[in-house]
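> Top to bottom, those sequences are chains A and B. First residue of the first sequence? That's 30 in my numbering, and the numbers climb one at a time after it. First residue of the second sequence? That's 30 in my numbering, and the numbers climb one at a time after it.
2 protein chains.
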Amino acid sequence: MPRLRLAEPLVMLATVVQWLALSMLTGAVVGVGCSVFLHLLFATEGHVYAVPLGVQMSLLVVGGFANGLLLHYGYRLSRSGYSDSPIVAVNEQRGRMPFRTLWVKPVAALITLGCGGSAGKEGPCSHIGASLAAGIGRVLHLNPELRKRLLACGVSAGFASVFGTPIAGAIYGVEMLAIGRIRHDFLFPGIVAGVTAFQVSKYLGVPYPHYHIAFISDFTELLFLKTVLIGILCGAAAWVFVELLQQARRLFGRLRDRYVLWPPLVPLLGGVVLALLVMVVPSDYLGLSLPIMERALHGETMPYLGFLWKALLVAITLGSGFYGGIVTPQFVIGAVLGGAFAHLLGLAPALGAAVGLVAVVASASNAPIAAILMGIELFGADSTLYVAGACVAAYLIIGHRSVYPAQQIAFSKS
Amino acid sequence: MPRLRLAEPLVMLATVVQWLALSMLTGAVVGVGCSVFLHLLFATEGHVYAVPLGVQMSLLVVGGFANGLLLHYGYRLSRSGYSDSPIVAVNEQRGRMPFRTLWVKPVAALITLGCGGSAGKEGPCSHIGASLAAGIGRVLHLNPELRKRLLACGVSAGFASVFGTPIAGAIYGVEMLAIGRIRHDFLFPGIVAGVTAFQVSKYLGVPYPHYHIAFISDFTELLFLKTVLIGILCGAAAWVFVELLQQARRLFGRLRDRYVLWPPLVPLLGGVVLALLVMVVPSDYLGLSLPIMERALHGETMPYLGFLWKALLVAITLGSGFYGGIVTPQFVIGAVLGGAFAHLLGLAPALGAAVGLVAVVASASNAPIAAILMGIELFGADSTLYVAGACVAAYLIIGHRSVYPAQQIAFSKS
């Protein structure tokens, strides 16, 4: 009888123990870092909805300029030449990042969101996670393969901490690294780090809202087709969002090149455009826009074109060179859109908002599995059938574009 | 300003509509096929626990011989030369399968399980799904790429119908095709087909049990470490299971070669070994063993070595050439093991059984994402944090072995 092969399970046990230690350490450190950022953010963001229009407008211009100065001069002294994108760091830089990212990006995001720039809070957390994990990898003298995995693990921890959905956050961090693939070897580190970061953030008092959506448990094939329709709609909205973002980036890039502008002037110009826009666009769509998202999830009637205002403001904010996250805007766009169109399909607006929220994430971020899990973690297991069809349909509709320009295609979708 | 590129979203919309039609058709057809099989199965299986020992023993021998005859002569006239493994059909045969599989494998499984052979009910359903989908692909004259995807979609539909967890089933069908990768382009077809097949099976009266496990919502880091420990234990058990299976296959293969046995005699021999074993092993571990799995999920005390009995009986059943599924045994092994060891970690036995059930699937089938979703669909969203850590830990421990010998490694785990 052939010998039992005992070596592999022992190697794997060692792998598990090694990653348990590394990713709990990383998760804890990242959890603390993200908690500090999120507390600062919640203290500074949100005041902008209530101030007089004139102050809003001035803040946007000042914020643009401050962002421009910080991002232009912040990296000046960094000679590593590394990109600060976590996706590039994992795929091309063998897990290395400029450590400076740790403070530059979060401070820029605080300025952007505090001054009313329309953006999200995830980017900074993933940057905090990635740069701390890169730092840990350097201090521990890990080899490039381990550094890469540790960096992905830091990104997962950052998302878990900011979303408040540890498993979906962890898988989002793995799934966003490429289009069309989940690297299963990143799963264990990511989930351990994600759960740890979430526990630490909860312990440190970061608030995570709960939503109670009434999903009818008597799910039918017709209902499924309706959720697929919402998914198609959300995929189209995500497509509009990504297009607007790219067009805005190009437009401001051309302005800079054409008139040889001093770089910090470009976001200042973006601030001016935003300031003019808020004269017509409701201020609900400034900053994180969490209040309007929550109203959508509570079933309030949403305007049909609300999603477009949000997409436009975010495109100008991020396209002109403000820095901020790109996932909260997807939540807002999806919730507002789903809430607005649900009743046309005979669905409850709150249900439409919930399904829309995750479908836009599945689509614009190319992260369908994370989005399905996010739906489950936010809205409960009764939502599984509702969100799954919508997420995969939306994921297909957007094709191979993405809010993350660095995302590479691992597998074609069609 | 650059032109908007409208072509891709339209292509994607066409893809969505095309797959909506193809996979709803496939899902409905597969749902009907699996329902017929499952009704026949539930009518014939399970009587074996109650009959006298002598009858049990004779049935096992007769069942082995009948299986041998059927599998040896059933494919005799098939000249296509194609393998009937869905994994091979997708990866190497461009979506082609011998259509004969549609009845040969289910009938063999009915004989195996009806006579007390220890196996599962998923294999036949995935074979029904794959062969029906291959048939649809041939009738519609689809190109090889579409045929492949349609076949995967049929497999997803089969798993969704037999598990009663449509999303987990659909993703299991995609995830089991290779180690370390989920092909995202299979997701939409798989989920649509899975949901459709599940709805059809439910409509046709296939019973799906519900489990109510009390997961404590006050999850802590210590609790997480305990679930990881259960995961490690389950990974080790899965390793034992896969090893026993391989050793049994080799042993019976050598016997056949050494003594130049007429092939149908080999499973008959397996039946004799099983018949001798049931004199010492409790008959709980024969057939599908659903009753003992349910007792474990209801929190009854389980024997420490129960998982080993099940693994041994299944290894001899399948290794000697009976035909049957390979997933229900993973459920049983996991639930019995988790239920037995939970109290050593201070966890409720039912909770340990639930976590163990999915962890062994994550591991032995190399399907961690499907296993996490299965936990959620079977036990509710409160189980998410409990099952996630266990599933990914178990998935690592087993290394690169698998209950599916055809599974190829897409990404190394360590």
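Glycine residues also receive a C-beta, built at the ideal position from the N, C-alpha and C atoms. Quick caveat, the model's predicted, so the values are computed rather than measured.
Closest to residue 204 of chain A by CA distance: which of A:67, A:134 and A:401 is it?
Comparing Cα-Cα distances from residue 204 of chain A to each of A:67, A:134 and A:401, the minimum goes to A:401.
> Of the residues that make up the region 245-263 of chain A, which ones have a beta carbon closer than 9 Å to any beta carbon in chain B?
For the region 245-263 of chain A, the set of positions with a beta-carbon nearer than 9 Å to some beta-carbon of chain B reads 248, 249, 250, 253, 254, 257, 260 and 261 in chain order.
> Below 8 Å on the Cβ atoms is my guess for residue 151 of chain A versus residue 357 of chain A; work out the distance and round it to an integer in Å.
7 Å
> Closer than 6 Å by C-beta to residue 359 of chain B: which residues in its own chain qualify, once you throw out the five before and the five after it? Chain order, please.
389, 390 and 393
> Just to make sure I have the definition right: I need the residues of chain B whose C-beta is within less than 9 Å of the C-beta of residue 386 of chain A. Which are they?
Simply none; closest approach about 16 Å.
> I'd like the span of the alpha helix (DSSP H) that includes residue 415 of chain B, first residue to last.
Annotation: the continuous alpha helix (DSSP H) that includes residue 415 of chain B extends over 413-426.
> Consult DSSP for residue 275 of chain A and reduce its assignment to one of helix, strand or coil.
helix
> Could you work out which residues of chain A lie near residue 209 of chain B, taking near to mean beta carbons separated by less than 7 Å?
213 and 214
> For residue 338 of chain B, which residues of its own chain have a beta-carbon under 6 Å away from its beta-carbon, when the five flanking residues on both sides are left out?
310 and 314
> Just to confirm the assignment, what range does the alpha helix (DSSP H) spanning residue 338 of chain A have?
Here the alpha helix (DSSP H) through residue 338 of chain A covers 335-348.
> Counting pairs of beta carbons, one from the region 264-278 of chain A and one from the region 419-436 of chain A, are three or more of them closer than 8 Å?
yes
> Using the Cα positions of residue 66 of chain B and residue 220 of chain A, report the straight-line distance between them to the nearest angstrom.
Roughly 38 Å separates the two Cα atoms.
> Can you give me the start and stop residues for the alpha helix (DSSP H) that residue 177 of chain A sits inside?
173-192
> Is there a Cβ from chain B that is less than 9 Å from the Cβ of residue 442 of chain A?
yes
> If residue 55 of chain B and residue 162 of chain B are in contact, beta carbons under 8 Å, what's the gap, nearest whole angstrom?
5 Å
> Under 9 Å, do residue 300 of chain B and residue 351 of chain B count as touching if we go by C-beta distance?
yes
> Among A:35, A:41 and A:36, which residue has its Cα nearest to the Cα of residue 426 of chain B?
A:41
> Counting only C-beta atoms, is residue 338 of chain B closer than 9 Å to chain A at any point?
Judged by the 9 Å Cβ criterion, residue 338 of chain B is not in contact with chain A.
> For residue 293 of chain A and chain B, any beta-carbon pair shorter than 9 Å?
Closer than 9 Å: no.
> Name the chain B residues that come within less than 9 Å of residue 189 of chain A, Cβ to Cβ?
Within chain B, no residue comes near residue 189 of chain A; the closest Cβ sits about 11 Å away, beyond 9 Å.
> Does the Cβ-Cβ distance between residue 308 of chain A and residue 386 of chain A come in under 9 Å?
no
> Considering only the alpha carbon of each residue, which of B:124, B:133, B:115 and B:80 lies closest to residue 105 of chain B?
B:133
> Indicate whether at least one CB of chain A lies closer than 9 Å to the CB of residue 430 of chain B.
yes
> So for residue 436 of chain B, helix, strand or coil by DSSP?
coil
> Please classify residue 445 of chain B: does DSSP put it in a helix, a strand, or coil?
Any question about residue 445 of chain B goes unanswered here, given that chain B covers just 30 to 443.
> Alpha carbon to alpha carbon, what distance is there between residue 280 of chain B and residue 30 of chain A?
Its pLDDT being 38, under 50, residue 30 of chain A is placed unreliably by the model, and the measurement read from it follows with that caveat. Residue 280 of chain B has its alpha-carbon roughly 7 Å from the corresponding atom of residue 30 of chain A.
> Is residue 44 of chain B close to chain A? Criterion is C-beta to C-beta, closer than 9 Å.
yes
> Would you decide whether residue 441 of chain B is buried or exposed? Buried here means 16 or more other CB atoms lie within 10 Å of its CB.
exposed
> Output, in chain order, the set of chain A residues within a Cβ distance shorter than 7 Å of residue 268 of chain B.
38
> How many Å lie between residue 142 of chain B and residue 96 of chain B at the Cα?
11 Å
> Inspect the beta-carbon positions of residue 85 of chain B and residue 349 of chain B and report whether they are closer than 9 Å.
With contacts defined as CB atoms closer than 9 Å, residue 85 of chain B and residue 349 of chain B fail to qualify as a contacting pair.
> What does residue 222 of chain A touch in chain B if you count any residue whose Cβ is under 9 Å from its own?
In chain order: nothing, as chain B lies at least about 11 Å away.
> Quick one: list the residues of chain B neighbouring residue 217 of chain A, beta-carbon separation under 8 Å, in chain order.
Residues of chain B passing the Cβ test: 421, 422, 424 and 425.
> Going along chain B in order, which residues have a C-beta closer than 8 Å to the C-beta of residue 329 of chain A?
Ordered by position in chain B, no residue passes the 8 Å Cβ test against residue 329 of chain A, which lies about 25 Å from the chain.
> Using the three-state DSSP reduction, which class does residue 219 of chain A fall into: helix, strand or coil?
helix
> For residue 402 of chain A and chain B, any beta-carbon pair shorter than 9 Å?
yes
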